[in-house]
Each structure stands twice: as structure tokens, then as C-alpha cells.
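Comments concern the structure below.
Numbering (our numbering), first residue to last: 48 to 102.
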């Protein structure tokens, strides 16, 4: 798990690389990617459960 210190370092690096203007856009993109990733994982779990139910 990422601790507080590591998270702060990552945030500072992101701020330096992307600047304050691009940060909201970057956060939105990361949020959308996270939702899509979770959706994909959930779909795979449902497929596995359906396969197990058929057996």
C-alpha cells in the first residue's frame, strides 16, 4: 500500500511535470480509467461465476 509520504512525493512530481493547469484534466482521466478498469474486473468475475454455476 502507498503511504502518506509516498503519495505526497507522487503528487509533487505530478505537479512539476504537468503543472497546475493540466491537473484537473489529468485527474479526470485517471478517474475514468479507474472506473473502466474496475468495470472490466467485475465483468471477468461475473464470467467466472457463470462458468462455475454451469459446472
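Idealized CB from N, CA, C, for every residue including glycine.
What residue does the alpha helix (DSSP H) around residue i start on, and which one ends it?
i, result
"residue 78", "51 to 101"
Could you tell me whether the Cβ atoms of residue i and residue j are closer together than 8 Å?
i, j, result
"residue 70", "residue 62", "yes"
Got a sec: is the Cβ-Cβ distance from residue i to anything in chain B below 8 Å?
i, result
"residue 86", "Chain labels in this structure do not include chain B; a single protein chain is all it has."
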